[in-house]
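Asker:
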Amino acid sequence: MNLITKNIGLTESERYLGKLCEKSFLSLWSYPGLFKKAGQELCDLLVVCGDDVIIFSDKDCQFDCDKDLELAWARWYKKAIIKSANQAWGAERWIKQFPREIYLDPTCKTIFPFALPNPESAKFHLVIIAHQVSKVCKEHFGGSGSLMICNDDVFAKEIGMPFVIGDLDKSKTFVHFFDDTTLDIVMENVDTITDFVSYLSKKELFLRSGMSVMSAGEEELLAYYLKNVNEQDEHDFVLPKENINMISLDESFWENFKINPQRIAQKEADKVSYFWDHLIETFAKHAQEGTEYFKQENNLSVTEKILRFRTN
Numbered sequence: 020m021n022l023i024t025k026n027i028g029l030t031e032s033e034r035y036l037g038k039l040c041e042k043s044f045l046s047l048w049s050y051p052g053l054f055k056k057a058g059q060e061l062c063d064l065l066v067v068c069g070d071d072v073i074i075f076s077d078k079d080c081q082f083d084c085d086k087d088l089e090l091a092w093a094r095w096y097k098k099a100i101i102k103s104a105n106q107a108w109g110a111e112r113w114i115k116q117f118p119r120e121i122y123l124d125p126t127c128k129t130i131f132p133f134a135l136p137n138p139e140s141a142k143f144h145l146v147i148i149a150h151q152v153s154k155v156c157k158e159h160f161g162g163s164g165s166l167m168i169c170n171d172d173v174f175a176k177e178i179g180m181p182f183v184i185g186d187l188d189k190s191k192t193f194v195h196f197f198d199d200t201t202l203d204i205v206m207e208n209v210d211t212i213t214d215f216v217s218y219l220s221k222k223e224l225f226l227r228s229g230m231s232v233m234s235a236g237e238e239e240l241l242a243y244y245l246k247n248v249n250e251q252d253e254h255d256f257v258l259p260k261e262n263i264n265m266i267s268l269d270e271s272f273w274e275n276f277k278i279n280p281q282r283i284a285q286k287e288a289d290k291v292s293y294f295w296d297h298l299i300e301t302f303a304k305h306a307q308e309g310t311e312y313f314k315q316e317n318n319l320s321v322t323e324k325i326l327r328f329r330t331n
């Protein structure tokens with residue numbers, strides 16, 4: 020008998036996101052379609068592992084190509100960017116205020132299986148998946164179709180340049196936006212909870228460092244991050260030693276990085292970690308289904324802590 024019964028997502032894109040996250044973050048820490056009240060959704064997917072809480076929102080908003088480009092962008096931006104960010108911030112507030120009022124089902128009969136981290140120590144990461152824009156972006160500008168990223172305040176508003184997004188509100192938790200081009204790229208290259216939240220956290224610090232940043236897409240930022248290491252030998256957005264005030268990353272960053280022989284060798288070396296993922300997921304599945312050979316009181320919580328220790 021399953022101890023945990025999860026949703027799988029209402030739409031094709033939500034189901035796809037659920038599969039991606041379960042593959043990268045493993046099933047014990049990845050929960051699609053959570054609710055805060057009867058019939059009121061909290062978020063499309065939640066990942067909780069230790070002090071890290073990742074809130075995902077999957078938005079499929081049509082881009083009206085029949086309208087003037089700037090008008091179409093402004094309307095899409097309000098629906099897919101502003102509205103989605105407000106929902107993500109709202110989910111963050113709810114989790115902080117009502118951590119024991121999060122449910123796996125729309126009738127709110129099945130509570131979230133683990134205690135969430137203390138709000139004082141919790142690290143929240145907000146991720147919006149914005150669909151229906153990459154194809155239009157590619158038609159207008161060519162390239163990969165990924166949304167451009169700039170931390171200038173003008174791009175925190177819908178009146179900014181079409182297909183460029185920025186830091187929406189520096190007084191709130193940073194919101195990351197992936198599109199149909201960059202979702203798979205990011206999830207395939209920082210494909211553990213530790214690696215994923217490290218990338219998000221350091222990207223946030225980079226874009227809020229005071230340095231002006233213009234990137235042709237999320238994949239360019241990812242390439243810059245994976246290419247450089249800091250003094251602690253961790254991947255990071257290492258700033259040049261020269262006295263500069265702006266960094267610009269064009270599309271060649273990702274294209275050149277992914278075919279670099281050192282990167283290819285690194286990806287090959289990472290394959291050994293997939294064995295551990297498979298082993299951890301096997302134990303996680305048995306824990307969720309109540310089919311472990313040796314059981315004890317609070318078995319699921321105990322197993323989660325043990326397996327979480329191994330993932331780190």
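FYI, in my numbering the residues of the sequence shown are 20 to 331.
The beta-carbon is built from N, C-alpha and C at its ideal position, and this holds for glycine as well.
Remember, it's a predicted structure, so these values are computed and weren't measured experimentally.
1) Counting C-beta neighbours from all protein chains within 10 Å, is the total for K78 16 or more, i.e. buried, or is it exposed?
2) Does DSSP put A149 in a helix, a strand or coil?
3) Any heavy atom of the ligand COA closer than 7 Å to the CB of E89?
4) Give the DSSP bridge partners of F75, in chain order.
5) In chain order, what residues of the same chain have a beta carbon less than 6 Å from the beta carbon of A104, not counting five sequence neighbours either side?
6) Can you list, in chain order, the residues of its chain with a C-beta nearer than 6 Å to that of L145? Leave out the 5 residues immediately preceding and following it.
7) State yes or no: is the C-beta of V216 within less than 8 Å of the C-beta of D71?
8) Of the choices D210, D255, V66 and G236, whose alpha-carbon is the least far from that of K42?
9) Could you compute how far the alpha carbon of T30 sits from the alpha carbon of E300?
10) Helix, strand or coil: which one does DSSP assign to S234?
11) Which same chain residues, not among the five before or five after D83, have their C-beta less than 7 Å away from its C-beta?
12) Does the segment 284 to 299 come within contact of the segment 254 to 266, defined as at least 3 CB pairs closer than 8 Å?
13) Looking at the strands, I want to know which residues DSSP matches up with Q59.
14) When you compare the segment 195 to 214 with the segment 149 to 158, are there three or more beta-carbon pairs, one atom per stretch, that lie closer than 8 Å?
15) Whole angstroms are fine: how far does the CA of G52 sit from the CA of A99?
16) For L268, write down the residues that DSSP places opposite it in a beta bridge.
17) At the level of alpha carbons, what is the spacing between Q81 and D203?
18) Roughly how many whole angstroms lie between the Cα atoms of L226 and A175?
19) Assuming I168 and L240 are in contact, meaning their beta carbons sit under 8 Å apart, how far apart are those beta carbons, in whole angstroms?
20) Whose CA, out of L166, P125, V66 and T126, lies closest to the CA of L135?
21) Can you look up F196 in the DSSP assignment and give me helix, strand or coil?
22) Buried or exposed: where does F9 fall if 16 or more other Cβ atoms within 10 Å of its Cβ makes it buried?
23) CA-CA distance, Y244 and K142?
24) Could you give the residue range of the beta strand (DSSP E) that holds I168?
25) Quick one: residues in its chain with C-beta nearer than 8 Å to the C-beta of V248, no 5 flanking neighbours on either side, listed in chain order?
26) How far does the alpha helix (DSSP H) with C40 in it extend, from its first residue to its last?
27) In whole angstroms, what is the alpha-carbon distance linking R119 and E89?
Answerer: Inspection of the coordinates gives the following:
1) buried
2) strand
3) Summarising the ligand content, the structure contains no ligands, and the ligand COA is consequently not present.
4) L64 and V146
5) L187 and V194
6) I74, A107, T192 and V194
7) yes
8) D210
9) 25 Å
10) strand
11) A91 and R94
12) no
13) K56
14) yes
15) 18 Å
16) S234
17) 20 Å
18) 13 Å
19) 7 Å
20) V66
21) strand
22) Residue numbering for the chain in the displayed model covers 20 to 331; residue 9 lies beyond these limits and cannot be assessed.
23) 20 Å
24) M167 to C169
25) H254, D255 and V257
26) E31 to F44
27) 43 Å
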